[in-house]
Amino acid sequence: MKSNITREEAYELLKKYNSERFHIQHGLTVEGVMKWFAADLGYGDDAEFWG
């Protein structure tokens, strides 16, 4: 799978619309969880897409 946005662009948007550190950390945590589930459920090749 291919996304039209890079991780860096997504991170900049996250910071632009979320000024509190908690929300930024939450987004990064969700990224890690999504990558883990992608790998655990057999979608390891697409883990970056989901993270």
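Following the numbering used here, the numbering of the sequence shown begins with 1 at its first residue and continues without gaps. The beta-carbon is built from N, C-alpha and C at its ideal position, and this holds for glycine as well.
Task: A47 versus K35 - alpha carbon distance - done: Counting from one through the sequence shown, the residue named residue 47 turns up at place 47. Counting from one through the sequence shown, the residue named residue 35 turns up at place 35. Cα-Cα distance, rounded: 5 Å.
Task: Whole-angstrom distance between G42 and Q25, CA atom to CA atom - done: By 1-based counting over the sequence shown, the position of residue 25 is 25. By 1-based counting over the sequence shown, the position of residue 42 is 42. When rounded, the distance between both Cα atoms is 26 Å.
Open item on the list: Check this for me: beta carbons of F37 and S3, under 8 Å apart or not?
Closed with: If you number the sequence shown from 1, residue 37 lands on position 37. If you number the sequence shown from 1, residue 3 lands on position 3. Not a contact, by the Cβ cut-off of 8 Å.
Task: Where Y43 falls: helix, strand or coil (DSSP) - done: Residue mapping note: residue 43 aligns to position 43 of the sequence shown, counting from 1. Residue state, collapsed to three classes: coil.
TODO: From the DSSP output, in three-state form, read off G51 for me.
DONE: As a working note, residue 51 is residue 51 in the sequence shown. The answer is coil: DSSP assigns G51 none of H, G, I, E or B.
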